[in-house]
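> Start counting the sequence shown at 276; every next residue gets the next number (our numbering).
Glycine is no exception: its CB is placed at the ideal position from the N, C-alpha and C atoms.
Here you go, one structure.
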Amino acid sequence: MTSISQGDMMALDLNRPLRFEGAHFKHWKQKMSFFLPLEKVATTCITNELTTPVENPTEEEIWNHVTWIKSDFICKNLILNGLTDELYDYCNTMSITKEVWDALQKKYDTEDVGSKK
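Take a look at the structure:
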């Protein structure tokens, strides 16, 4: 019988977000773009901001608003749980996923800037 180490079990756990420690942001970003839909969280949370409902919203608009809020909460926390403690502290005060995603992109998505011709 083959035994699996605790480290191997952690690597096999697909329910955990991938850890970002400040290096190789583009790889982490792409992997998270695949991970979030696996967790049934719409990736629209990282690309769209919450829209304010109109004065007399329809039931569909209310449902879309509530669904977006729930998805954004889950998505933001999955991303935060994939960060180191320092990055978590940096991003935790942000109110929506898009703010977290944009802040990480602004801070770390500069790996190819010098290599472009």
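Thinking just about the alpha-carbon of each residue, which of Asn-331, Cys-320, Val-375, Asn-323 is nearest to the one in Leu-358?
Here residue 358 refers to the residue found at position 83 of the sequence shown. With distances taken between Cα atoms, Leu-358 lies closest to Val-375.
> So is Lys-373 buried or exposed if we call it buried at 16+ other beta carbons inside 10 Å?
Mapped onto the sequence shown, residue 373 falls at position 98. Classification for Lys-373: buried.
> So, with DSSP's three-state summary, where would you put Thr-322?
To locate residue 322, count along the sequence shown from 1; it is residue 47. Looking at Thr-322 - three-state DSSP - the assignment turns out to be coil, as it is neither helix nor strand.
> Since Asp-384 and Phe-300 are thought to touch, with beta carbons under 8 Å apart, how far apart are those beta carbons, to the nearest angstrom?
The sequence position of residue 384 within the sequence shown is 109, counting from 1. The sequence position of residue 300 within the sequence shown is 25, counting from 1. Right, the Cβ-Cβ distance comes to about 6 Å (below 8 Å), so this counts as a contact.
> State buried or exposed for Ile-371, treating a residue as buried only when at least 16 other CB atoms are found within 10 Å of its CB.
Position 96 of the sequence shown, counted from the start, is the residue given in the question as residue 371. Buried is the call here.
> If you drop the 5 nearest sequence neighbours on each side, which residues of the same chain put their C-beta closer than 7 Å to that of Met-284?
Walking along the sequence shown from the start, residue 284 turns up at place 9. Residue confidence for Met-284 is low, a pLDDT of 49 falling below 50, so the modelled location carries little weight and cannot support an answer.
> Shorter than 7 Å, the distance from the beta carbon of Lys-351 to the closest heavy atom of the ligand MN, or not?
This structure does not include the ligand MN; it has no bound ligands of any sort.
> For chain B, is any of its Cβ atoms less than 8 Å away from the one on Lys-381?
Looking for chain B here will not work: only one protein chain is present.
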